[in-house]
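4 protein chains.
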Amino acid sequence: MPYVSLVGAAGYTGQEALDRVLGHPELELYAVGSDSLAGQDAAALDPRLNRNGGKRVPRLITNAAALACEADVTILCLPHEQAASAALPSRGVVIDLSGAHRLHDAAQYDEWYGFVHPSPGGLGEWSYGLPELSPPEGRLVANPGCYATAVLLALGPLADAIDRDSVVVDAMSGMTGAGRGLKASTHAGFVLENVSPYRVGAHQHVPEIAQALGFPVSFTPHLLPVRRGLLATCNVRSTGPDLRALLEEHYASSHVVRVLPEGVVPELSRVQHTDGAELGVFADRHTDRTIVICALDNLGKGAAGQAVQNLNLLFGFAETAGLRLEGVLV
Amino acid sequence: MPYVSLVGAAGYTGQEALDRVLGHPELELYAVGSDSLAGQDAAALDPRLNRNGGKRVPRLITNAAALACEADVTILCLPHEQAASAALPSRGVVIDLSGAHRLHDAAQYDEWYGFVHPSPGGLGEWSYGLPELSPPEGRLVANPGCYATAVLLALGPLADAIDRDSVVVDAMSGMTGAGRGLKASTHAGFVLENVSPYRVGAHQHVPEIAQALGFPVSFTPHLLPVRRGLLATCNVRSTGPDLRALLEEHYASSHVVRVLPEGVVPELSRVQHTDGAELGVFADRHTDRTIVICALDNLGKGAAGQAVQNLNLLFGFAETAGLRLEGVLV
Amino acid sequence: MPYVSLVGAAGYTGQEALDRVLGHPELELYAVGSDSLAGQDAAALDPRLNRNGGKRVPRLITNAAALACEADVTILCLPHEQAASAALPSRGVVIDLSGAHRLHDAAQYDEWYGFVHPSPGGLGEWSYGLPELSPPEGRLVANPGCYATAVLLALGPLADAIDRDSVVVDAMSGMTGAGRGLKASTHAGFVLENVSPYRVGAHQHVPEIAQALGFPVSFTPHLLPVRRGLLATCNVRSTGPDLRALLEEHYASSHVVRVLPEGVVPELSRVQHTDGAELGVFADRHTDRTIVICALDNLGKGAAGQAVQNLNLLFGFAETAGLRLEGVLV
Amino acid sequence: MPYVSLVGAAGYTGQEALDRVLGHPELELYAVGSDSLAGQDAAALDPRLNRNGGKRVPRLITNAAALACEADVTILCLPHEQAASAALPSRGVVIDLSGAHRLHDAAQYDEWYGFVHPSPGGLGEWSYGLPELSPPEGRLVANPGCYATAVLLALGPLADAIDRDSVVVDAMSGMTGAGRGLKASTHAGFVLENVSPYRVGAHQHVPEIAQALGFPVSFTPHLLPVRRGLLATCNVRSTGPDLRALLEEHYASSHVVRVLPEGVVPELSRVQHTDGAELGVFADRHTDRTIVICALDNLGKGAAGQAVQNLNLLFGFAETAGLRLEGVLV
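Protein chains in written order, with the working numbering: chain A, 47 to 376; chain B, 47 to 376; chain C, 47 to 376; chain D, 47 to 376.
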């Protein structure tokens, strides 16, 4: 059984990754790093870590120490710039949930992330692990962004069938998508009874989507007064083949992504707390446009769930081992 | 002072219209109709209606009775189909907050509203009262829909400057926009922690937008877990003039619509509980597209506030008399 | 493996019970009844019901048919009055998630539930299955109400140590606790940005709490703008033993109920989507009172999770088989 | 017309106070202080401050400068400890919306507020301005806390009629009640889908309530996932007079506080965005207890609205001048 070291466990994605590793039948948790919690009893982070005398992970350690474990699997849940400069293990699989290794062109980090990438030469060694479109390869895997995952699941299989300059995406995310950072824009007094467009035309998932699709799209994200869940409404023009048929064919055998029947709208409530995604396809008869809507959980298929799915593929486990694919249909 | 009869006072728009009339310095409330509350003490609907011995409106009456008042102003806050077949007063101003008299082409009611219009011949007598673009004329005024108002405020002044087949609008509304009707989709257990696209490509405000702009747009509405407020994110391509400049010029003298400075994002919290609207303009440098975002209160500028603004123009009152234009900047 | 028939599967508790049965290692689903969905493909209710050719439950059947199955376990998720008059199976375990069989004194149904109980004589055959206080006995089990569960977990072990006329409970529930029924009070336009006390002094869980404790408490429930989760703030006076110590001792070996360390406040976010509960104990130094706060998920430990826990005990399975006891600590 | 200097204008209560002063017919705004915004154009805080060439308040100044104005009215909207040590004007009315001057016994600041009061000798000069119970006197007025206002409106008129050791209050506040400070507990990812008891038995409004009532009550506050509004559920035992009658008599002539008819429950939605309050009274027939529920807006009657009401009384204006007393009944 591969031993796992988790780096940056106290953030939202870190906690979700921890949850998935603890529930995975083929992964063994070995070390948990968190600079803010280092030295504390691991149960402070998750009561499962110190139960019934098991105590496999008695203390939380620093991120540097967790990196130095050189575990079979290192899961990075650090902020972008910290992940870019982390001292990576020299062996084992490394999967990075930040954006630090997703873009091949280092110059784009200046523009979209606001920092000069410290290891531009190494970016070519990372594969972009989006299982349904570009399965992970090699030992270094960049896990896609939550918005990028939703947009690419919706549009990836259609890239050659649509007018490339017609694509407009409006997306909405729950507040866990904004991270644990304390900002005026994450204060509940601002968020409640509000919906907030942000980084209009400038979100850092834009170049990642363009790199994967082969062309840029116009993308506007909004923050919602919900805790978790993400919806991407993708609007395209096509004069070619039946877009619904293309998507149904592409996902016919998937256990993770589901194309909904005609007329059924994707809903956060069906994908929240799961690692799956759903797609709805709608024709707009008056404008020759098609609307493809993707719903997923930003912390599930949009982060930790996809990381585990990538690990499953790399290690030859069942693709859905340890994933939660069914929500309770509230 | 014009006497006002309000028809359909128990719905969301009816209550907001009542609130505006009660607070208006130049309008006198004369009758309040509500089939569900007829016969009850008016204070059951709003305590201001029976205060301090004033008792101008001691009892609520039926909608038919309120219509028969032949008041100087009749405000219709009825469901679409009911408004279409209402026995209208033969005199005075009639302003209809439903969609029953907004479309010139009666055939469109079959397609978008699901009923055969009972008075197709009379539709031509109604003006579409959107003060900033098409001020009300004559005694019969159709008050625009909430989504249509937001989209037209954003795109109306740009109609000749943009590629007409490039327009994509995604809009989001608070739950009061869905009306008081009890449906599975308005149950709080469904709405909370959710965001719900609906009537994708089929919403009844689509033909109204097309009629006013002169061309159709692709429009996808979503329901948000907020009580009130509406955001329309409008995405267009233009190779011509500076769209921001066009909007700033158009609204330079408006006290109701405000174009925000560069970089400032429209927010529900600034327009909720007001009758104003704000516009943000953002260039998407990678796709030659411009994003114009409009925020307004679906019950304010999107309904009752606009109705009062229309009345002010028709009667020659100050345009903003009785309007609430400043929110508390929570 | 016991075969299970689920009656009333389309409501909130029905769907949660279905979820737990599907994920239980020792229970086999046999029949799913729903009068509103009878005849439909079972996948309409939950996609797991028709997956990969399994099709153990191809069609949803009527509730009468599901009752007539005479399964090893019949789970009733019907409205109170319907459950009271249901034609119960003559064999097997029957567990009723409604309130129809919780009260021993039939006369109380008139007062608190508003209907005359059709089978007053049979009420004595039902045990009240609250595992931590009164484990289920016999083949007929009344599953406790969600509020009652929270209050009894907090106060049951303290009943002999507190002033009986000092007890005041204020409780708050998410909207799934109000059921799927469409009422003005469940409309999202009413619920959002609101908190709503209801049935003050008259909630039907009051007699159930009194019956279990041996004395009445003053109980005020409120509905919250959250989807799921329940918090009961129980305030008592005691001049006797250390209440925290009593609770810690009572739950020392429980895997379901956890007494939090001093100073730690129970939170919905840790118990939502789980079948566990947590208790916090706080001294109010200025009034000689103690505040015991219980948090649980109204659909988990407050309904379906507790039903499964009861079944586990009756069948001799591990007490926590099929339960979800760890949430993700968002 | 009295000139007003507002100190600490950028917080929630500061902005609300600003709003009330701007809308008040008898108050003139003279200076606006905010250390975080000092030097900026006043329109950055509120667009009304720089409109149409009015520019009475062209620039925001520091709090020290605003205090030094020695205006006719100084409104303090500072954090508690800052207000306690502020250099107060030597003339004019000073009204303090913080807790710094509410308690007569300086020693209680150590215990409940966590700081040693810098001017213990001066506390006796401040009156506690709760118009319905203890109208403001003199030129120094401590404006009551939001929770304290709700509890005292409910229980003040009953203090002599109830068992003093029977009182239990559970209260819930919207997130603006927690202030603009960025804390883990105000992050929307924590607040959404949650309800959070806090400072159990230790909230700083407890001694203020005890001082006004003459005896302590057991008080547990909770934070709600709503933006604004506060509900206090007050549970008392009484063997004496009819509590409803006492309240109805006490508030018979009030334009600010309304006792609701029997069976009607107070609701946030009717008091949000207003400066009024409503009370509901409910008998709990099984425990000889009475539940009095008060709803108000934490920023209205719970802060800025009450401050203006106090000023109206001090200056001899109409008690409700500049107040908003009617909400829109969504």
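By construction, the Cβ of each residue, glycine as well, lies at the ideal position given by its N, Cα and C atoms.
Check	Outcome
Tell me which same chain residues have a C-beta within less than 7 Å of the C-beta of residue 257 of chain A, skipping the five on either side of it?	149, 150
What do you reckon, are the CB atoms on residue 103 of chain B and residue 78 of chain B nearer than 9 Å?	yes
Return the Cβ separation of residue 197 of chain C and residue 328 of chain D in integer angstroms, given the expectation that the two are a contact with Cβ distance under 8 Å.	Their Cβ separation, rounded to whole angstroms, is 19 Å, which puts residue 197 of chain C and residue 328 of chain D out of contact at 8 Å.
Would residue 91 of chain B pass as a contact of residue 80 of chain B if the rule is Cβ separation under 9 Å?	yes
Measure from the C-beta of residue 258 of chain C to each C-beta in chain D and report whether the shortest distance is under 9 Å.	no
Using a Cβ-Cβ cut-off of 7 Å (strictly less than) and excluding sequence neighbours within five positions of residue 54 of chain B, which residues of its own chain qualify?	60, 79, 80, 109, 122, 123, 124
Within 10 Å of its beta-carbon, does residue 161 of chain C have 16 or more other beta-carbons around it, so buried, or fewer, so exposed?	exposed
What residues in the region 259-281 of chain C bring their beta carbon closer than 9 Å to a beta carbon of chain B?	269, 271, 272, 273, 274
When the Cβ atoms of the region 189-203 of chain D are set against those of the region 182-194 of chain A, are three or more pairs found closer than 8 Å?	no
Output needed for residue 56 of chain B: all residues of its chain with C-beta closer than 6 Å, excluding positions within five of it in sequence on either side, in chain order.	80, 82, 83
Answer yes or no: does any C-beta atom of chain B fall closer than 9 Å to that of residue 365 of chain C?	no
Run through chain D and tell me which residues come within less than 8 Å of residue 221 of chain A, C-beta to C-beta.	233, 234, 235, 238
For the region 225-233 of chain D and the region 286-294 of chain D, state whether three or more C-beta atom pairs, one from each stretch, are separated by less than 8 Å.	no
May I ask you to report which of helix, strand or coil DSSP gives residue 72 of chain C?	coil
How long is the line joining the alpha carbons of residue 99 of chain C and residue 210 of chain A, rounded to whole angstroms?	Per-residue confidence for residue 99 of chain C stands at a pLDDT of 48, beneath the threshold of 50, marking its modelled position as unreliable; no derived number is given.
Under a three-way DSSP split, which group does residue 377 of chain C fall into?	Within the shown structure, residues of chain C are numbered from 47 to 376, placing residue 377 of chain C beyond reach of any answer.
Keeping to the same chain, check which residues put their C-beta closer than 7 Å to that of residue 58 of chain A; ignore five residues upstream and five downstream.	222, 225, 226, 345
In angstroms with no decimal places, state the Cα-to-Cα distance between residue 332 of chain C and residue 265 of chain D.	10 Å
Hey, how far is the Cα of residue 101 of chain D from the Cα of residue 70 of chain D?	Reliability fails at residue 101 of chain D, whose pLDDT of 47 lies under 50, so the model's placement of it is uncertain and the value that follows must be treated cautiously. Cα-Cα distance, rounded: 17 Å.
With a cut-off of 9 Å, does the C-beta of residue 284 of chain A fall near any C-beta of chain B?	no
Select from the region 146-159 of chain B all residues with a C-beta closer than 9 Å to any C-beta belonging to chain A, and list them in chain order.	none
Specify the secondary structure class of residue 100 of chain A as computed by DSSP and reduced to three states.	Any reading at residue 100 of chain A needs caution, since the residue's pLDDT is 49, under 50, leaving its predicted position unreliable; the model's value is listed next. Residue 100 of chain A: coil per DSSP, three-state reduction.
Got a sec: is the Cβ-Cβ distance from residue 337 of chain C to anything in chain D below 9 Å?	yes
Would you kindly check if the distance between the Cβ of residue 240 of chain A and the Cβ of residue 271 of chain A is under 9 Å?	yes
According to the neighbour-count rule (16 or more other Cβ atoms, all chains shown, within 10 Å of its Cβ), is residue 321 of chain C buried or exposed?	buried
In this structure, does DSSP put residue 212 of chain A in helix, strand or coil?	helix
Name the two residues that bound the continuous beta strand (DSSP E) containing residue 255 of chain A.	From DSSP, residue 255 of chain A is part of no beta strand (DSSP E) but of the alpha helix (DSSP H) over 252-259.
State the start and end residues of the unbroken alpha helix (DSSP H) segment that holds residue 143 of chain D.	Residue 143 of chain D -> no alpha helix (DSSP H), and no H or E assigned at all.
Regarding residue 170 of chain B and the ligand HEM, is the C-beta to nearest heavy atom distance less than 8 Å?	Absence of the ligand HEM from the depicted structure is noted, as is the absence of any ligand whatsoever, leaving it without description.
From what residue to what residue does the beta strand (DSSP E) around residue 315 of chain B run?	Taken as a continuous stretch (DSSP letters only), residue 315 of chain B belongs to no beta strand (DSSP E), being part of the alpha helix (DSSP H) at 314-317.
In chain D, what lies closer than 8 Å to residue 226 of chain A by C-beta?	230, 233, 235
Please classify residue 171 of chain A: is it buried, with 16 or more other beta-carbons within 10 angstroms of its beta-carbon, or exposed?	exposed
Can residue 201 of chain D and residue 252 of chain D be called in contact, C-beta distance under 9 Å?	no
What residues of chain B sit near residue 183 of chain D, judged by a beta carbon separation below 7 Å?	Those do not exist, as residue 183 of chain D stays about 29 Å from chain B at its closest Cβ, beyond 7 Å.
Would you call residue 285 of chain A buried or exposed, if buried means 16 or more other Cβ atoms sit within 10 Å of its Cβ?	exposed
Mark residue 133 of chain B as exposed unless 16 or more other C-beta atoms lie within 10 angstroms of its C-beta, in which case mark it buried.	exposed
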